[in-house]
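Asks:
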Amino acid sequence: MLKISSKVLETMLEHCRKEYPNEACGYLAGKKDQITRIFVIGNDAASPTWYEMNAADQIRAQKQIRQEGLEHLGVYHSHVATEAVPSPRDIERATAVQDFFDGRYLLVTLKDSRPRARVFRILDGNVTEEELVES
């Protein structure tokens with residue numbers, strides 16, 4: 020289970036809506052299983068079908084996470100026209116970077132008027148949905 024405050028969830032959803040029609044992306048941070056902060060990362064691909072996290076934004080976020088004594092809990096990104104489930108590309112890319120954090124991906128769908136978020140753990144190509152609890 021992963022918890023996220025209503026305020027942080029709304030901030031993340033707003034970021035995803037703002038980047039539409041392109042995918043938005045960022046880091047999730049907090050302590051244990053409670054997301055207390057997101058870090059917006061630029062999408063260098065500027066694409067509606069995939070994202071490429073900006074390297075400078077990632078370094079800045081990683082440094083800030085350490086300075087604030089937080090844990091890197093995962094990554095988020097939006098799907099602008101599909102459901103909030105990992106695509107084959109998401110699974111392939113997650114497997115390539117799984118040593119960086121514990122494989123949690125929070126996906127947001129923008130395919131209709133009500134954005135929704137789901138969280139998955141992707142490790143060694145295996146996808147498991149986890150419960151996302153708004154706290």
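Per the numbering used here, the sequence shown runs over residues 20 to 154.
Where a beta carbon is used, it is the ideal one built from N, C-alpha and C, also for glycine.
All values reported here derive from a predicted model rather than from experimental measurement.
#1: Name the two residues that bound the continuous beta strand (DSSP E) containing L92.
#2: Are there 16 or more other CB atoms within 10 angstroms of the CB of Y70, so buried, or fewer, so exposed?
#3: Alpha carbon to alpha carbon, how far is N73 from L125?
#4: When the Cα atoms are used, what is the spatial distance from L142 to E148?
#5: Please report the distance separating the alpha-carbon of A48 from that of P40.
#6: Starting from the Cα of G61, find the closest Cα among D131, S132, R112 and K37 and give me that residue.
#7: What does M72 pair with, by DSSP beta-bridge criteria?
#8: I'd like the list of long-range same chain contacts for E90, defined as Cβ closer than 8 Å, with 5 residues on each side in sequence excluded.
#9: Could you check the C-alpha separation between R135 and E111 for me, to the nearest Å?
#10: Determine the DSSP secondary structure at A80, reduced to helix, strand or coil.
#11: So for K26, helix, strand or coil by DSSP?
#12: By a C-beta neighbour count over all protein chains shown, 10 Å radius and 16 as the cutoff for buried, is A113 buried or exposed?
Replies: Per the coordinate set shown:
#1: Translated into positions along the sequence shown, residue 92 becomes position 73. Unbroken beta strand (DSSP E) run through L92: E90 to H98.
#2: Against the sequence shown, residue 70 aligns to sequence position 51. Its Cβ being crowded by 16 or more others within 10 Å, Y70 is buried.
#3: On the sequence shown, position 54 is the one that residue 73 refers to. On the sequence shown, position 106 is the one that residue 125 refers to. Distance between the alpha carbons of N73 and L125: 18 Å.
#4: As a first step, residue 142 is located in the sequence shown; it is residue number 123 there, counting from the start. As a first step, residue 148 is located in the sequence shown; it is residue number 129 there, counting from the start. If you take the alpha carbons of L142 and E148, they lie about 12 Å apart.
#5: Within the sequence shown, numbered from 1, the residue matching residue 48 stands at position 29. Within the sequence shown, numbered from 1, the residue matching residue 40 stands at position 21. Near 25 Å, if we compare the C-alpha coordinates of P40 and A48.
#6: Here residue 61 refers to the residue found at position 42 when the sequence shown is read from its first residue. Selected option, being the one with the closest Cα: K37.
#7: For the purposes of this step, residue 72 is identified with residue 53 of the sequence shown, where counting begins at 1. Note: M72 sits in a beta bridge opposite N62.
#8: Here the question's residue 90 lines up with position 71 in the sequence shown. Once the five neighbours on either side are set aside, the close Cβ partners of E90 are A48, G49, K50, K51 and I84.
#9: Here residue 135 refers to the residue found at position 116 of the sequence shown. Here residue 111 refers to the residue found at position 92 of the sequence shown. Rounded to the nearest angstrom, the two C-alpha atoms are 23 Å apart.
#10: Counting from 1 along the sequence shown, the entry for residue 80 is found at position 61. A80: helix per DSSP, three-state reduction.
#11: Here residue 26 corresponds to residue number 7 of the sequence shown, with the count starting at 1. It is helical.
#12: Your numbering for residue 113 matches position 94 in the sequence shown. Result: buried.
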